[in-house]
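Colleague:
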């Protein structure tokens with residue numbers, strides 16, 4: 035997590051706008067624990083992970099919406115959700131990810 039926040043600091047220091055995605059809840063088996071972070075900047079760079087690669091693409095899509103002025107979002111991915119199958123959440127667990135514009 036520390037390396038993600040260091041990258042966010044570097045991006046904001048050069049003037050980038052940044053969205054931060056944070057795992058806020060997990061149930062059963064999940065690839066990453068609560069507190070895991072991923073950052074996306076307005077140049078299209080991504081740093082960190084909120085799963086083992088299972089849902090990152092969907093989270094980046096939402097992060098880009100937030101960068102365009104969208105509201106913060108709480109995302110839920112679970113094995114029973116069709117979206118979880120689409121994005122490849124194979125572990126049988128559930129994760130909630132909060133996606134918000136970073137404000138230093």
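In my numbering, the protein residues as written are 35 to 138. For each residue, glycine too, the CB sits at the ideal point set by N, CA and C.
In this structure, does DSSP put residue 43 in helix, strand or coil?
Modeller: Along the chain shown, one-based indexing puts residue 43 at 9. DSSP places residue 43 in helix when its eight states are reduced to three.
Colleague: Along the chain, where does the beta strand (DSSP E) that runs through residue 57 open and close?
Modeller: What you label residue 57 is simply residue 23 of the chain shown in a count that begins at 1. Note, residue 57: beta strand (DSSP E), 52–61.
Colleague: Determine the DSSP secondary structure at residue 127, reduced to helix, strand or coil.
Modeller: Reading the chain shown from its first residue, position 93 is the one you call residue 127. Coil.
Colleague: For residue 52 and residue 131, what's the separation of their Cα atoms in angstroms?
Modeller: Taking the chain shown and counting its residues from 1, the one referred to as residue 52 is at position 18. Taking the chain shown and counting its residues from 1, the one referred to as residue 131 is at position 97. Spanning the two alpha carbons is a distance of roughly 16 Å.
Colleague: Between 133, 54 and 70, which lies nearest to residue 86 when the distance is taken from Cα to Cα?
Modeller: Mapped onto the chain shown, residue 86 falls at position 52. The residue with the shortest Cα to Cα distance from residue 86 is 70.
Colleague: Take residue 76 as the anchor and find which of 59, 99 and 83 has the nearest alpha-carbon.
Modeller: The sequence position of residue 76 within the chain shown is 42, counting from 1. Checked all of 59, 99 and 83; the closest Cα to residue 76 is 99.
Colleague: From the DSSP output, in three-state form, read off residue 98 for me.
Modeller: As a first step, residue 98 is located in the chain shown; it is residue number 64 there, counting from the start. Helix at residue 98.
Colleague: Return the residue from the list 101, 129 and 40 that minimises the CA-CA distance to residue 84.
Modeller: Indexing the chain shown from 1 puts residue 84 at position 50. Nearest option by C-alpha distance: 129.
Colleague: Taking 9 Å as the threshold (C-beta atoms), are residue 96 and residue 73 in contact?
Modeller: In the chain shown, counting from the first residue as 1, residue 73 sits at position 39. In the chain shown, counting from the first residue as 1, residue 96 sits at position 62. Taking 9 Å as the Cβ cut-off, residue 73 and residue 96 do not qualify as a contacting pair.
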